[in-house]
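Accompanying notes for the structure given below.
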Amino acid sequence: MKDVVRFGICADVQYASMKSDVVKEKRCENVGSGEEQEIPRAGSVERRLAYRAALERLLQAVEVWNKQHVAFVVQLGDLIDGYENDPELSRADLEAVSRAFQGLAVKHVLGNHCRAVRMEDIRKLLSTDRYYYSFQPVLGWRIIVLNGAEQLISAADATESENAELAEVLERQGIIDYAPWNGHLSDIQVDFFRVELDSASRRKERVLVCCHYPIHEDAARKSHLLINHAVVLKLVRQYNTTVVALFAGHDHVGGYTVDHGVHHVTFPAMLEASEGSDGQEHNVEHSPNAFGIVELRANGDRILIQGYGDVPTRVLVAGGAEG
Ligand SMILES: [Zn+2]
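Converting from the sequence shown to the numbering used here requires adding 3 to each position, the first position being numbered 1.
Encoded structure:
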C-alpha cells in the first residue's frame with residue numbers, strides 16, 4: 004500500500020439539464036416547517052444556481068483530478084437537482100452526471116436530491132448496492148460513509164408506510180418539526196456507525212466520516228442538519244480521539260467548526276460556486292468552481308484539503324488544531 008493517498012472531493016453538483024443556467028433569488032434562512040422566511044444571510048443576498056453549468060464545472064474538476072492522479076473521488080451527494088414527480092427525467096440527469104466522472108473511481112454519498120431518482124435506478128447508474136460503508140484509503144485511516152438520505156420523506160420511491168413509520172420514530176424522539184429535504188439514519192445504520200467507530204478505535208486507526216448532511220449547528224444552518232444529528236454527534240464526541248473530521252455538503256454556502264477536537268467541514272456547493280472565487284490561489288482558469296483534493300498520509304495525524312475555487316485550503320490536525 005502507498006504512503007500517501009490523494010482523492011478528489013466535491014459536494015452538491017446538482018446538475019439539471021432542463022432548468023435555466025442561472026436563477027437568482029433571495030438566499031433565505033429556511034425554517035424546519037419548510038416555509039421560507041425572509042432572513043437573507045449577511046453578504047450573500049443573491050443565489051446563483053448554475054444548474055446546467057454545473058456539469059461543465061464537474062468536467063473541469065475531473066480534468067484536474069485526472070492530472071493530479073487522484074486514487075478516487077468522494078462526491079458528497081446531490082449530484083442532480085431532480086424533478087418532483089418525474090423520476091424518469093431525474094434519472095436521465097443522473098446518468099449524464101455519472102458519465103462525467105469518465106471512469107474515475109467514485110465513492111458515492113447519497114443526498115436528498117439524488118433520491119429524486121428511484122433507488123433501483125440509482126443502483127444501476129452508480130453501480131453500487133451499498134450506501135453506508137467503510138474503506139481503508141491508506142494504512143492507519145478509515146473512511147466511514149453514512150447515508151443521511153436513507154430515510155427521507157421527499158424521496159421519489161418513499162412509500163406511505165415507510166413515511167408513516169419514520170414519522171412515528173420521530174414522534175417518539177419528540178421531533179415533530181423537520182424539513183422534508185432532511186434525512187434520517189435508521190437504528191441499523193446508527194449501530195453500523197457505532198461498530199465501525201469501535202473497531203477503528205481498537206485498531207488505533209484515524210477516521211474521516213463523510214455524510215451528505217452536516218451534524219453540527221456551527222458548521223451549517225440548523226435547517227440543514229441531519230434529522231437525528233444529535234445521535235451521530237454524541238457518538239462522534241464519544242470517539243473524538245478516533246474521528247479526525249466529518250465532511251458534509253447540503254448547505255450550499257459551506258461552513259466549518261471544531262467541536263470536542265473534531266473538525267466539521269461543510270463543503271460549498273459546486274452548483275453555487277461564486278464569481279468571487281475568481282483569482283483565488285487555486286482557482287481553475289478563473290471560472291467559478293468548488294472542489295478539492297484531499298491528502299492522507301499512512302499513519303499520519305492530519306488531513307490536507309487543497310481547495311479549488313470556493314473550497315478553502317485547510318490542514319486539519321487530529322485533536323482539533325488547524326495546521
Ligand atoms: Zn442536499
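Where a beta carbon is used, it is the ideal one built from N, C-alpha and C, also for glycine.
Keep in mind that this is a model prediction, so the values were computed, not measured.
According to DSSP, what are the bridge partners of residue i?
i: W144; result: R209
i: G295; result: I12 and G310
i: Y136; result: V148
i: L319; result: I306 and E325
i: I83; result: Y18
i: Y259; result: V268
i: L249; result: V212 and H267
i: V109; result: V76
i: Q154; result: H187
i: V7; result: R300
Give me the Cβ distance between residue i and residue j, rounded to the nearest whole Å; I'm assuming they're in contact under 8 Å.
i: C214; j: L149; result: 4 Å
i: V65; j: Q105; result: 6 Å
i: F10; j: V67; result: With 8 Å as the limit, F10 and V67 do not qualify as a contact, their Cβ atoms being about 12 Å apart.
i: E208; j: R145; result: 5 Å
Hey, out of the options, whose CA is closest to residue i's CA?
i: A57; options: F195, I146 and S20; result: S20
i: H219; options: F294, A248 and I191; result: A248
i: A276; options: D313, A301 and R300; result: D313
i: I179; options: I230, V210 and A321; result: I230
i: S226; options: R197, W184, Q192 and D201; result: W184
i: K237; options: R209, H253, F196 and S93; result: F196
i: Q139; options: I83, V318 and F75; result: F75
i: Y181; options: D190, L169 and Q192; result: L169
i: D190; options: S204, R205 and L173; result: L173
i: R51; options: E208, K22, H263 and Q63; result: K22
i: Q71; options: P315, Y311 and L319; result: Y311
i: Q241; options: L228, D201 and D221; result: D201
i: P90; options: A103, G257, A152 and M122; result: M122
Would the beta-carbon of residue i be found less than 6 Å away from any heavy atom of ligand 1?
i: D81; result: yes
i: H111; result: no
i: H253; result: yes
i: N115; result: yes
Report yes if the C-beta distance between residue i and residue j is below 7 Å; otherwise report no.
i: R55; j: N292; result: no
i: G114; j: G85; result: no
i: A167; j: A119; result: no
i: I12; j: V261; result: no
i: A251; j: Y216; result: yes
i: Y259; j: V246; result: no
i: S137; j: I125; result: no
i: A223; j: D254; result: yes
i: H187; j: Q154; result: yes
i: V265; j: V239; result: yes
i: N302; j: G143; result: yes
i: G326; j: R300; result: no
i: A272; j: A53; result: no
i: Q192; j: Y135; result: yes
i: V8; j: V112; result: no
i: S164; j: L128; result: no
i: L97; j: I83; result: yes
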